[in-house]
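First the structure, in the form of structure tokens, and then the observations on it.
Residue numbers (the working numbering), protein chains in the order written: chain A, 15 to 130; chain B, 15 to 123.
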């Protein structure tokens, strides 16, 4: 158990819909990362938040957005869903001490999104 | 932007054979991390290498960081069925950790 929690575990929805994925980082971790992993694919970095602010952006579609709340949990919003958005979405957290580069990332169990 | 390539993409080995995955970065890295993802699981941190030419061992796993800090390798000696999974390297340059595409290891008993 990494200490990172993600809900829901599974999500099945239809094209055109909007969903919200939730992540709670490990206690004390200020940074949250979101990744997308399609079937048999690598980890596509989407976005990173640090202490409530967006820190880095990867290959995140305009239909997707995220935020990190004052209690440090994060939500990833996916809208106008398409079949190709079906994937495993991982959240990871890290400590990132001030002035140091990316720290070890601890991954949550993931949310499996199926778009029908 | 920074790119991290990993080869091979897939590897089938007979139990007891050795296995190596290679990671190459387009830019010089400040450090490199390795993760393992079991089938159906999530990536789990294995190790971080920081120094040029660094070699670290974890039981049957040997990790190396190249002299130029642009490449790395993971070698598993005498694979076991428990080694099955996808191994990812992740290169740290600046403030960004970029994951390689992973090498999926399959072990035949």
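Glycine residues also receive a C-beta, built at the ideal position from the N, C-alpha and C atoms.
Only those residues of the region 119-130 of chain A whose C-beta falls short of 8 Å from the nearest C-beta of chain B are listed: 119, 120, 121, 122, 123 and 124. In the structure shown, residue 34 of chain A falls within a strand segment according to DSSP collapsed to helix, strand and coil. Just measuring C-alpha positions, the residue of B:47, B:25 and B:122 sitting nearest residue 85 of chain B is B:47. Chain B has no Cβ within less than 7 Å of the Cβ of residue 30 of chain A. Distances from the alpha-carbon of residue 99 of chain B to those of B:35, B:44, B:89 and B:119 put B:119 closest.
Contact between the region 26-42 of chain A and the region 89-98 of chain A is present: three or more C-beta pairs spanning the two stretches fall below 8 Å. Residue environment analysis places residue 103 of chain A among the buried positions, since at least 16 neighbouring C-beta atoms fall within 10 angstroms of its C-beta. By the C-beta criterion, the region 102-113 of chain B is judged to be in contact with the region 42-57 of chain B, since at least 3 inter-stretch pairs fall below 8 Å. Under the DSSP assignment, residue 83 of chain A falls outside any beta strand (DSSP E); it carries neither an H nor an E label.
With respect to residue 97 of chain A, residue 46 of chain A sits apart: the two C-beta atoms are not nearer than 7 Å.
Sequence-distant Cβ neighbours of residue 50 of chain A in its own chain, meaning closer than 7 Å and more than five residues away, are 58, 60, 101 and 103. Our two residues, residue 108 of chain A and residue 83 of chain A, have alpha carbons roughly 16 Å apart in a direct line. Here the alpha carbon of residue 22 of chain A sits roughly 18 Å from the alpha carbon of residue 120 of chain A. From the beta-carbon of residue 56 of chain B, the residues of chain A found nearer than 8 Å are 16, 104, 121, 122, 123 and 124. About 7 Å separates the Cβ atoms of residue 106 of chain A and residue 122 of chain A, confirming a contact at the 8 Å cut-off.
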